[in-house]
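Chemist: Okay, here's the structure, questions in a sec.
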Amino acid sequence: MKCPRCEQGKIYGIGCGSDGPKPMIIDCFLCKGSGEITEQQSKWCDFGRGLRDLRISHNVTLSEAADLLRVDIIKLSHMECGFIAPFLTEEDYSEMLK
Numbered sequence: 669m670k671c672p673r674c675e676q677g678k679i680y681g682i683g684c685g686s687d688g689p690k691p692m693i694i695d696c697f698l699c700k701g702s703g704e705i706t707e708q709q710s711k712w713c714d715f716g717r718g719l720r721d722l723r724i725s726h727n728v729t730l731s732e733a734a735d736l737l738r739v740d741i742i743k744l745s746h747m748e749c750g751f752i753a754p755f756l757t758e759e760d761y762s763e764m765l766k
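Numbering of the sequence shown is given in our numbering, commencing with residue 669 and proceeding in unit increments.
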């Protein structure tokens, strides 16, 4: 299945060189440069996008959500982006937003 985040495994990012940070083309974080993801990863992406949309529709920042849910902000971001398996449910998010 084609990766929804990149073009053939590559993304634009910031890399560090001997002359400091500079724009460069790097491997996609989701597909790790292959341009393909599994069906399971696709489900994680869809689920995470839904949670992110729900959070944003309630004007809650990622930082605020992490505090309210008592989870690490990076882990929460990775879940919303589909990089890792969901560890929260839509109900967890709905409760947080009340």
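Using N, Cα and C, we set each Cβ at its ideal position, and we do this for glycine too. Computed from a prediction, not measured in an experiment: that's the story for all the values here.
Assuming Glu707 contacts Lys670 under a Cβ cut-off of 8 Å, what Cβ separation, rounded to an integer in Å, is found between them?
Modeler: Mapped onto the sequence shown, residue 707 falls at position 39. Mapped onto the sequence shown, residue 670 falls at position 2. About 12 Å; that fails the 8 Å criterion.
Chemist: Could you tell me whether the stretch 709–718 touches the stretch 754–763, using the rule of 3 or more Cβ pairs below 8 Å?
Modeler: Segments in contact, yes.
Chemist: Have a look at Asp760 and Leu737 and give me their C-alpha separation to the nearest angstrom.
Modeler: Locating residue 760 in the sequence shown gives position 92, where the first residue counts as 1. Locating residue 737 in the sequence shown gives position 69, where the first residue counts as 1. For Asp760 and Leu737, the distance between alpha carbons rounds to 8 Å.
Chemist: Can you list, in chain order, the residues of its chain whose CB lies under 6 Å from that of Cys674, leaving out five sequence neighbours each side?
Modeler: On the sequence shown, position 6 is the one that residue 674 refers to. If we look at Cys674 and ignore the five residues flanking it on each side, its Cβ neighbours are Cys696.
Chemist: For Ser745, which residues from the same chain have a beta carbon less than 7 Å from its beta carbon, with the 5 sequence-adjacent residues on both sides left out?
Modeler: The count along the sequence shown starts at 1 and reaches residue 745 at position 77. Only Leu730 meet the Cβ criterion.
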